[in-house]
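Heads up, the thing below is written out as structure tokens.
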Amino acid sequence: MGLVELIAQADERALAAGGLACLDRCLPLLGGDDEVLRPLWASLADGSDWAGDLARVRAALGGRPAGGEAALLVHRMLESAPAERAAGAVRPWADACSAASLRVHRLLDPAAGDEPAPGGSGRPDAADTAGLPPLVAAELRRQTTVLELLAGHGAQGLRRALEVSAEGRRVLRAVVSRRARGTAGAGL
Numbered sequence: 000m001g002l003v004e005l006i007a008q009a010d011e012r013a014l015a016a017g018g019l020a021c022l023d024r025c026l027p028l029l030g031g032d033d034e035v036l037r038p039l040w041a042s043l044a045d046g047s048d049w050a051g052d053l054a055r056v057r058a059a060l061g062g063r064p065a066g067g068e069a070a071l072l073v074h075r076m077l078e079s080a081p082a083e084r085a086a087g088a089v090r091p092w093a094d095a096c097s098a099a100s101l102r103v104h105r106l107l108d109p110a111a112g113d114e115p116a117p118g119g120s121g122r123p124d125a126a127d128t129a130g131l132p133p134l135v136a137a138e139l140r141r142q143t144t145v146l147e148l149l150a151g152h153g154a155q156g157l158r159r160a161l162e163v164s165a166e167g168r169r170v171l172r173a174v175v176s177r178r179a180r181g182t183a184g185a186g187l
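In numbering that gives the first Met the number 0, the protein residues as written are 0 to 187.
Spelled out as structure tokens, the structure:
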């Protein structure tokens with residue numbers, strides 16, 4: 000099943016986790032530490048309201064980010080997160096986070112060049128990653144894995160989804176760091 004279909008069939012918890020996982024993997028662009036989203040993950044696990052935790056995360060990550068289009072996309076993911084986790088509220092957010100995260104990875108992938116994203120939606124099928132830049136292909140696989148874990152294991156899939164997101168965050172943090180060193184070196 001493709002990513003778009005997984006999002007369409009996901010329940011409220013899977014949608015919230017899918018959106019949160021995209022935000023989590025892109026967190027290095029907002030300068031947040033690895034634990035800042037932990038309370039939101041915990042509220043998904045225990046089914047509690049996340050509105051208060053969401054407000055605290057927004058406050059902790061501050062205002063408009065510096066760093067161009069990619070950072071702005073991540074900031075929009077955070078700011079558009081719904082306070083209510085009902086499926087009707089989180090479905091459009093999860094869908095937008097999916098597209099934004101893929102765009103962020105395309106913007107940061109040195110192999111992406113200036114070529115446009117394949118497909119009209121910018122979200123190719125995870126089964127067919129041929130021709131995609133490596134960061135984009137890996138992000139597509141991670142998004143699909145998170146939704147499959149939650150579809151197959153419910154709340155028990157959250158721990159593994161968090162692990163998948165942490166792995167993606169480490170990869171993106173390394174890319175951001177490498178780009179920063181390259182930019183600093185170019186100015187010398």
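Glycine included, every Cβ here is placed at the ideal spot set by N, Cα and C. Small disclaimer: the values here were computed from a predicted structure and weren't measured.
Exercise. Which first and last residues belong to the alpha helix (DSSP H) in which Leu29 is found?
Worked result: Neither: Leu29 is in no alpha helix (DSSP H) and is coded neither H nor E.
Exercise. First and last residue of the alpha helix (DSSP H) that includes Ala194?
Worked result: One cannot answer for residue 194 here, as it falls past the ends of the chain, which runs 0 to 187.
Problem set entry | Sub-9 Å separation of Pro38 and Arg172 beta-carbons | Not in contact: Pro38 and Arg172 (Cβ atoms no closer than 9 Å).
Exercise. In angstroms, rounded to a whole number, what distance separates the CA positions of Leu107 and Ala98?
Worked result: Their Cα atoms are separated by approximately 14 Å.
Exercise. Which word fits Asp45, buried or exposed, when buried means at least 16 other C-beta atoms lie within 10 angstroms of its C-beta?
Worked result: Asp45 should be labelled exposed.
Exercise. So the alpha helix (DSSP H) Trp40 belongs to, where does it begin and stop?
Worked result: In this chain, the alpha helix (DSSP H) harbouring Trp40 covers 37-45.
Problem set entry | Residues of its chain near Pro64, where Cβ-Cβ distance is below 6 Å and the 5 sequence neighbours each way are ignored | Contacts found: Leu29, Ala70, His74.
Exercise. Got a sec, what are the start and stop residues for the alpha helix (DSSP H) Leu2 sits in?
Worked result: Note, Leu2: alpha helix (DSSP H), 2-8.
Problem set entry | Assumed close pair Ala9, Gly17 - CB separation to whole angstroms, cut-off 8 Å | Yes, Ala9 and Gly17 are in contact; Cβ-Cβ is about 7 Å, under 8 Å.
Problem set entry | Reference Ala50; option with closest CA among Pro81, Ser176, Glu138, Cys25 | Selected option, being the one with the closest Cα: Pro81.
For this session: Could you tell me how far apart the beta carbons of Pro24 and Ser164 are, in whole angstroms, since I believe they sit closer than 8 Å?
Result: Reading the sequence as shown, one finds Arg at residue 24 and not Pro. Taking 8 Å as the upper bound for CB-CB distance, Arg24 and Ser164 are in contact here, some 5 Å apart.
Problem set entry | Option nearest Trp92 by Cα separation, candidates Ala59, Leu14, Leu36 | Considering only alpha carbons, the answer is Leu14.
For this session: Indicate the three-state DSSP secondary structure (helix, strand or coil) for Thr128 in the structure shown.
Result: Three-state result, Thr128: coil.
Exercise. Ordered along the chain, which non-local residues of its own chain (more than five positions away) have a Cβ less than 7 Å from that of Asp94?
Worked result: Only Ile6 meet the Cβ criterion.
Exercise. So Gly31 packs on Leu60, CB below 8 Å; how close in whole Å?
Worked result: Leu60 and Gly31 do touch by the CB rule: their CB atoms are close to 5 Å apart, below 8 Å.
Exercise. Roughly how many whole angstroms lie between the Cα atoms of Leu146 and Glu4?
Worked result: For Leu146 and Glu4, the distance between alpha carbons rounds to 10 Å.
For this session: Report the rounded CA-to-CA distance for Gly153 versus Gly167, giving the unit in angstroms.
Result: Rounded to whole angstroms, the gap between the alpha carbons of Gly153 and Gly167 is 21 Å.
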